[in-house]
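In what follows, a structure is listed as C-alpha coordinates, so that the remarks can point back to it.
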Amino acid sequence: RGGSSSGGAPGGPGGQTFDFSNIDIGGIGGFGDIFSSIFGGAAGAAGARPGARGAAESGQTVETNVEIPFRTAALGGKVPVELEVTEECGTCRGTGGAPGASVKTCPECTGRGTISFGQGGFAVNRPCPMCLGRGQIPSEPCPTCRGAGQVRTRRKVLVTVPEGADTGTRVRLKGQGGKGPKGGPPGDLVITFSVTPDRFFKREGLDVVATVPLNVAQATLGSKISVKTLDGKKVAVRIPPGTASGRRFRIRAQGIPKGEHRGDMIVETTITVPEGLTDEQRALMERFAEATNLRH
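Every number in the working numbering is 78 more than the matching position in the sequence shown, counting from 1.
As C-alpha coordinates, this is what we get:
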(Lines of atoms letter the chains of each structure in order from A; the text may use other names.)
(Lines give C-alpha, C1' and ligand atoms only; values in the text may rest on other atoms or scores of the structure.)
Protein backbone atom coordinates (compact mmCIF):
# COMPACT_ATOMS: atom_id res chain seq x y z
CA ARG A 79 0.00 0.00 0.00
CA GLY A 80 1.24 3.52 -0.80
CA GLY A 81 1.93 6.14 1.88
CA SER A 82 -0.96 8.15 3.28
CA SER A 83 -1.27 11.86 2.91
CA SER A 84 -1.24 13.80 6.19
CA GLY A 85 -3.53 16.33 4.58
CA GLY A 86 -6.32 13.78 4.26
CA ALA A 87 -6.74 14.46 0.54
CA PRO A 88 -9.79 12.86 -1.02
CA GLY A 89 -9.49 9.79 -3.15
CA GLY A 90 -9.39 6.92 -0.63
CA PRO A 91 -11.20 5.74 2.44
CA GLY A 92 -10.46 7.84 5.45
CA GLY A 93 -8.96 10.56 3.32
CA GLN A 94 -5.98 8.42 2.29
CA THR A 95 -4.42 8.66 -1.17
CA PHE A 96 -2.75 5.62 -2.76
CA ASP A 97 0.16 6.17 -5.11
CA PHE A 98 0.26 3.24 -7.59
CA SER A 99 3.02 4.71 -9.73
CA ASN A 100 5.78 3.51 -7.40
CA ILE A 101 4.60 -0.09 -7.14
CA ASP A 102 6.97 -2.48 -8.90
CA ILE A 103 5.86 -6.04 -9.70
CA GLY A 104 8.67 -8.46 -10.46
CA GLY A 105 10.81 -5.79 -12.09
CA ILE A 106 8.08 -4.96 -14.63
CA GLY A 107 7.65 -1.39 -13.42
CA GLY A 108 4.65 0.63 -12.31
CA PHE A 109 1.05 0.01 -13.25
CA GLY A 110 1.48 2.54 -16.01
CA ASP A 111 3.99 0.22 -17.69
CA ILE A 112 1.67 -2.77 -17.29
CA PHE A 113 -1.28 -0.97 -18.91
CA SER A 114 1.03 0.36 -21.60
CA SER A 115 2.26 -3.16 -22.48
CA ILE A 116 -1.33 -4.47 -22.64
CA PHE A 117 -3.01 -1.65 -24.52
CA GLY A 118 -0.14 -0.36 -26.64
CA GLY A 119 0.72 2.87 -24.82
CA ALA A 120 -0.85 5.05 -22.20
CA ALA A 121 -2.03 7.59 -24.69
CA GLY A 122 -3.24 5.00 -27.21
CA ALA A 123 -2.64 7.42 -30.05
CA ALA A 124 -3.21 6.17 -33.57
CA GLY A 125 0.05 5.64 -35.47
CA ALA A 126 2.12 5.20 -32.29
CA ARG A 127 1.75 1.43 -32.34
CA PRO A 128 3.32 -1.01 -34.78
CA GLY A 129 0.78 -1.97 -37.41
CA ALA A 130 -1.24 1.22 -37.07
CA ARG A 131 -3.13 2.20 -40.24
CA GLY A 132 -0.83 3.86 -42.76
CA ALA A 133 2.38 3.08 -40.85
CA ALA A 134 5.19 1.00 -42.35
CA GLU A 135 5.48 -2.48 -40.89
CA SER A 136 8.26 -5.03 -40.69
CA GLY A 137 7.98 -8.04 -42.98
CA GLN A 138 7.32 -11.60 -41.90
CA THR A 139 10.11 -13.42 -40.05
CA VAL A 140 10.25 -16.91 -41.52
CA GLU A 141 11.43 -19.95 -39.55
CA THR A 142 12.20 -23.21 -41.30
CA ASN A 143 14.04 -26.52 -40.82
CA VAL A 144 16.63 -27.55 -43.42
CA GLU A 145 18.26 -30.96 -43.85
CA ILE A 146 21.95 -30.83 -44.74
CA PRO A 147 24.43 -33.61 -45.58
CA PHE A 148 26.83 -34.75 -42.85
CA ARG A 149 29.93 -33.53 -44.63
CA THR A 150 28.43 -30.12 -45.44
CA ALA A 151 27.58 -29.71 -41.76
CA ALA A 152 31.07 -30.73 -40.71
CA LEU A 153 33.12 -28.71 -43.18
CA GLY A 154 30.68 -25.89 -43.98
CA GLY A 155 29.27 -24.95 -47.36
CA LYS A 156 26.22 -23.53 -49.10
CA VAL A 157 22.79 -25.09 -49.52
CA PRO A 158 19.77 -23.78 -51.47
CA VAL A 159 16.60 -23.24 -49.43
CA GLU A 160 13.14 -22.73 -50.92
CA LEU A 161 10.80 -20.62 -48.77
CA GLU A 162 7.14 -19.72 -48.75
CA VAL A 163 6.60 -16.23 -47.35
CA THR A 164 3.73 -13.78 -46.94
CA GLU A 165 4.37 -10.50 -48.77
CA GLU A 166 2.51 -7.40 -49.80
CA CYS A 167 0.51 -7.94 -52.99
CA GLY A 168 2.36 -6.40 -55.92
CA THR A 169 -0.84 -5.73 -57.87
CA CYS A 170 -2.68 -3.61 -55.32
CA ARG A 171 0.32 -2.55 -53.17
CA GLY A 172 -1.44 -3.81 -50.09
CA THR A 173 -4.66 -1.85 -50.53
CA GLY A 174 -6.76 -4.90 -51.38
CA GLY A 175 -8.44 -3.07 -54.27
CA ALA A 176 -8.36 -3.83 -57.98
CA PRO A 177 -6.45 -1.35 -60.16
CA GLY A 178 -8.64 1.72 -60.71
CA ALA A 179 -11.16 0.72 -58.03
CA SER A 180 -12.66 3.43 -55.85
CA VAL A 181 -12.53 3.23 -52.09
CA LYS A 182 -14.93 4.21 -49.36
CA THR A 183 -14.62 4.55 -45.63
CA CYS A 184 -15.18 1.30 -43.79
CA PRO A 185 -18.64 1.43 -42.17
CA GLU A 186 -17.61 -0.96 -39.41
CA CYS A 187 -14.74 1.07 -37.95
CA THR A 188 -15.60 4.43 -39.59
CA GLY A 189 -12.12 4.64 -41.05
CA ARG A 190 -10.15 4.06 -37.86
CA GLY A 191 -8.90 0.62 -38.90
CA THR A 192 -9.56 -0.71 -35.41
CA ILE A 193 -12.56 -1.60 -33.32
CA SER A 194 -12.84 -1.62 -29.55
CA PHE A 195 -13.91 -4.49 -27.33
CA GLY A 196 -15.02 -3.36 -23.89
CA GLN A 197 -15.46 -5.35 -20.72
CA GLY A 198 -15.82 -3.84 -17.29
CA GLY A 199 -14.03 -0.54 -17.32
CA PHE A 200 -11.46 -1.48 -19.96
CA ALA A 201 -11.38 -1.33 -23.75
CA VAL A 202 -9.00 -3.19 -26.07
CA ASN A 203 -8.43 -2.22 -29.71
CA ARG A 204 -8.19 -4.86 -32.43
CA PRO A 205 -7.83 -4.62 -36.25
CA CYS A 206 -11.18 -4.25 -37.96
CA PRO A 207 -12.26 -7.60 -39.48
CA MET A 208 -14.15 -5.92 -42.33
CA CYS A 209 -11.39 -3.72 -43.75
CA LEU A 210 -8.47 -5.73 -42.23
CA GLY A 211 -7.17 -2.64 -40.48
CA ARG A 212 -6.93 -0.46 -43.58
CA GLY A 213 -9.87 1.81 -42.70
CA GLN A 214 -11.12 1.72 -46.30
CA ILE A 215 -13.00 -0.77 -48.46
CA PRO A 216 -12.44 -0.94 -52.25
CA SER A 217 -15.37 -1.05 -54.66
CA GLU A 218 -13.75 -4.07 -56.34
CA PRO A 219 -11.33 -6.51 -54.66
CA CYS A 220 -7.88 -7.11 -56.10
CA PRO A 221 -7.96 -10.13 -58.45
CA THR A 222 -4.52 -11.28 -57.33
CA CYS A 223 -4.93 -11.32 -53.54
CA ARG A 224 -8.77 -11.29 -53.49
CA GLY A 225 -8.80 -8.25 -51.26
CA ALA A 226 -6.39 -9.52 -48.63
CA GLY A 227 -3.58 -7.15 -49.62
CA GLN A 228 -1.06 -9.99 -49.13
CA VAL A 229 0.01 -13.03 -51.14
CA ARG A 230 2.02 -16.18 -50.49
CA THR A 231 5.13 -16.43 -52.66
CA ARG A 232 8.01 -18.89 -52.98
CA ARG A 233 11.62 -17.80 -53.05
CA LYS A 234 15.01 -19.49 -53.21
CA VAL A 235 17.82 -18.43 -50.90
CA LEU A 236 21.41 -19.71 -50.85
CA VAL A 237 22.29 -20.31 -47.20
CA THR A 238 25.84 -20.55 -45.84
CA VAL A 239 26.30 -23.45 -43.42
CA PRO A 240 28.99 -22.69 -40.81
CA GLU A 241 31.65 -25.36 -40.32
CA GLY A 242 31.00 -27.60 -37.35
CA ALA A 243 27.21 -27.24 -37.60
CA ASP A 244 25.15 -29.94 -35.91
CA THR A 245 21.49 -30.88 -35.64
CA GLY A 246 19.77 -28.00 -33.83
CA THR A 247 22.24 -25.32 -34.99
CA ARG A 248 20.31 -22.11 -35.81
CA VAL A 249 21.31 -19.22 -38.06
CA ARG A 250 19.48 -15.91 -38.57
CA LEU A 251 19.72 -14.11 -41.91
CA LYS A 252 18.78 -10.46 -41.54
CA GLY A 253 16.41 -9.09 -44.15
CA GLN A 254 15.87 -12.43 -45.92
CA GLY A 255 12.28 -12.97 -44.77
CA GLY A 256 9.07 -11.50 -46.18
CA LYS A 257 8.99 -7.99 -47.66
CA GLY A 258 7.61 -5.35 -45.33
CA PRO A 259 4.17 -3.92 -46.18
CA LYS A 260 3.77 -0.19 -46.75
CA GLY A 261 7.48 0.16 -47.49
CA GLY A 262 8.57 -1.41 -44.20
CA PRO A 263 11.84 -3.34 -43.78
CA PRO A 264 11.89 -7.04 -44.68
CA GLY A 265 11.77 -9.66 -41.94
CA ASP A 266 14.46 -12.18 -41.08
CA LEU A 267 15.00 -15.81 -42.02
CA VAL A 268 15.71 -18.19 -39.13
CA ILE A 269 17.00 -21.64 -40.12
CA THR A 270 17.39 -24.70 -37.90
CA PHE A 271 19.64 -27.39 -39.37
CA SER A 272 19.02 -31.11 -39.25
CA VAL A 273 22.04 -33.24 -40.23
CA THR A 274 21.44 -36.40 -42.24
CA PRO A 275 23.52 -39.49 -41.31
CA ASP A 276 26.59 -40.44 -43.36
CA ARG A 277 27.13 -44.01 -44.54
CA PHE A 278 30.79 -43.94 -43.49
CA PHE A 279 31.26 -41.35 -40.73
CA LYS A 280 29.56 -40.71 -37.41
CA ARG A 281 30.18 -37.81 -35.08
CA GLU A 282 31.52 -37.73 -31.51
CA GLY A 283 31.85 -34.07 -30.55
CA LEU A 284 34.40 -32.67 -33.02
CA ASP A 285 35.80 -36.14 -33.72
CA VAL A 286 34.58 -38.30 -36.60
CA VAL A 287 34.55 -42.08 -36.39
CA ALA A 288 35.03 -44.23 -39.50
CA THR A 289 34.40 -47.97 -39.20
CA VAL A 290 36.78 -49.95 -41.41
CA PRO A 291 36.40 -53.71 -42.07
CA LEU A 292 39.46 -55.98 -41.83
CA ASN A 293 39.64 -59.56 -42.98
CA VAL A 294 41.01 -62.30 -40.75
CA ALA A 295 44.43 -62.25 -42.40
CA GLN A 296 44.81 -58.47 -42.02
CA ALA A 297 43.77 -58.58 -38.37
CA THR A 298 45.97 -61.58 -37.58
CA LEU A 299 49.09 -60.81 -39.57
CA GLY A 300 48.89 -57.02 -39.63
CA SER A 301 48.42 -54.77 -42.65
CA LYS A 302 48.53 -51.26 -44.05
CA ILE A 303 45.24 -49.76 -45.19
CA SER A 304 44.22 -46.50 -46.90
CA VAL A 305 41.33 -44.47 -45.44
CA LYS A 306 39.62 -41.36 -46.82
CA THR A 307 39.21 -38.33 -44.56
CA LEU A 308 36.25 -35.93 -44.40
CA ASP A 309 37.71 -33.67 -47.09
CA GLY A 310 38.56 -36.58 -49.43
CA LYS A 311 42.28 -37.00 -48.71
CA LYS A 312 43.73 -40.49 -48.32
CA VAL A 313 45.75 -41.37 -45.25
CA ALA A 314 47.62 -44.60 -44.54
CA VAL A 315 46.88 -46.48 -41.31
CA ARG A 316 49.17 -49.29 -40.13
CA ILE A 317 47.32 -52.21 -38.57
CA PRO A 318 49.52 -54.16 -36.13
CA PRO A 319 49.34 -57.98 -36.00
CA GLY A 320 46.69 -59.36 -33.67
CA THR A 321 44.32 -56.42 -33.98
CA ALA A 322 40.96 -57.13 -32.38
CA SER A 323 37.56 -55.99 -33.63
CA GLY A 324 36.64 -52.59 -32.17
CA ARG A 325 40.21 -51.32 -31.77
CA ARG A 326 40.58 -47.61 -32.54
CA PHE A 327 43.35 -45.69 -34.28
CA ARG A 328 43.44 -41.88 -33.99
CA ILE A 329 44.50 -39.60 -36.84
CA ARG A 330 45.15 -36.12 -35.48
CA ALA A 331 43.44 -32.97 -36.83
CA GLN A 332 41.37 -34.74 -39.48
CA GLY A 333 38.01 -34.32 -37.76
CA ILE A 334 35.48 -31.48 -37.69
CA PRO A 335 36.79 -27.89 -37.68
CA LYS A 336 35.16 -25.24 -35.53
CA GLY A 337 36.82 -21.90 -35.00
CA GLU A 338 40.42 -22.45 -33.94
CA HIS A 339 39.82 -26.08 -33.01
CA ARG A 340 39.65 -29.23 -35.09
CA GLY A 341 38.80 -32.72 -33.93
CA ASP A 342 40.45 -36.00 -34.88
CA MET A 343 39.50 -38.85 -37.16
CA ILE A 344 39.12 -42.19 -35.42
CA VAL A 345 39.43 -45.40 -37.43
CA GLU A 346 37.51 -48.20 -35.71
CA THR A 347 38.14 -51.74 -36.92
CA THR A 348 35.65 -54.51 -37.40
CA ILE A 349 36.67 -58.06 -38.36
CA THR A 350 34.90 -59.78 -41.23
CA VAL A 351 35.00 -63.57 -41.64
CA PRO A 352 34.74 -65.53 -44.89
CA GLU A 353 31.54 -67.33 -45.74
CA GLY A 354 30.96 -70.42 -47.85
CA LEU A 355 34.41 -72.08 -47.48
CA THR A 356 35.39 -74.83 -49.88
CA ASP A 357 36.41 -78.19 -48.46
CA GLU A 358 40.06 -77.35 -49.00
CA GLN A 359 39.73 -73.93 -47.29
CA ARG A 360 37.86 -75.50 -44.39
CA ALA A 361 40.58 -78.13 -43.94
CA LEU A 362 43.24 -75.44 -43.92
CA MET A 363 41.29 -73.41 -41.35
CA GLU A 364 40.93 -76.48 -39.12
CA ARG A 365 44.68 -77.13 -39.32
CA PHE A 366 45.31 -73.48 -38.40
CA ALA A 367 42.93 -73.72 -35.45
CA GLU A 368 44.62 -76.88 -34.16
CA ALA A 369 48.08 -75.38 -34.59
CA THR A 370 47.12 -72.29 -32.57
CA ASN A 371 44.93 -74.10 -30.01
CA LEU A 372 41.78 -72.29 -31.11
CA ARG A 373 38.55 -73.90 -30.02
CA HIS A 374 36.01 -74.58 -32.76
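Glycine residues also receive a C-beta, built at the ideal position from the N, C-alpha and C atoms.
For L299, the enclosing alpha helix (DSSP H) stretches over residues V294 to L299. Annotation for F200: the continuous beta strand (DSSP E) segment containing it runs F200 to P205.
I329 is a Cβ neighbour of I344, given a cutoff of 9 Å. For the options Q214, E160 and M208, the alpha carbon positioned closest to that of V181 is the one of Q214.
Take the alpha-carbon of R149 and the one of V315: they are about 22 Å apart.
Remark: C-beta atoms of E241 and V290 do not approach each other more closely than 9 Å. CA-CA distance, I334 to L153, rounds to 7 Å. Comparing C-alpha distances from D309 to each of C223, V286, Q359 and Q254 shows the shortest one belongs to V286. The three-state reading of DSSP puts L362 in helix, counting H, G and I together.
In the assembly as shown, P216 is a buried residue. Its beta-carbon has 16 or more other beta-carbons within 10 Å. A distance below 6 Å between beta-carbons, with the five flanking residues on each side excluded, links L251 to the following residues of its chain, in chain order: L267. Linking R277 to K306 through their CA atoms gives a straight-line distance of about 13 Å.
As the crow flies, the alpha-carbon of R212 is around 31 Å from that of E160. Counting every other CB atom within 10 Å of its CB across the protein chains shown gives Q296 a total of 16 or more, marking it as buried.
The C-beta of G191 has 16 or more other C-beta atoms within 10 Å across all chains shown, which makes the residue buried. Of the residues assessed, E162 falls on the exposed side of the cut-off, its CB having fewer than 16 other CB atoms within 10 angstroms.
With a beta-carbon spacing of about 10 Å, K156 and V235 fall beyond the 8 Å limit used to define contacts. The closest CA to that of R230, considering only M363, Q138 and F195, is found on Q138. For R171, there is no enclosing alpha helix (DSSP H), as DSSP marks it with neither H nor E. The closest CA to that of A322, considering only V351, Q359 and V239, is found on V351.
Ranking A331, A288 and T274 by CA distance to the CA of S304 puts A288 first. When the beta-carbon positions are compared, P219 and A151 stay at least 9 Å from each other.
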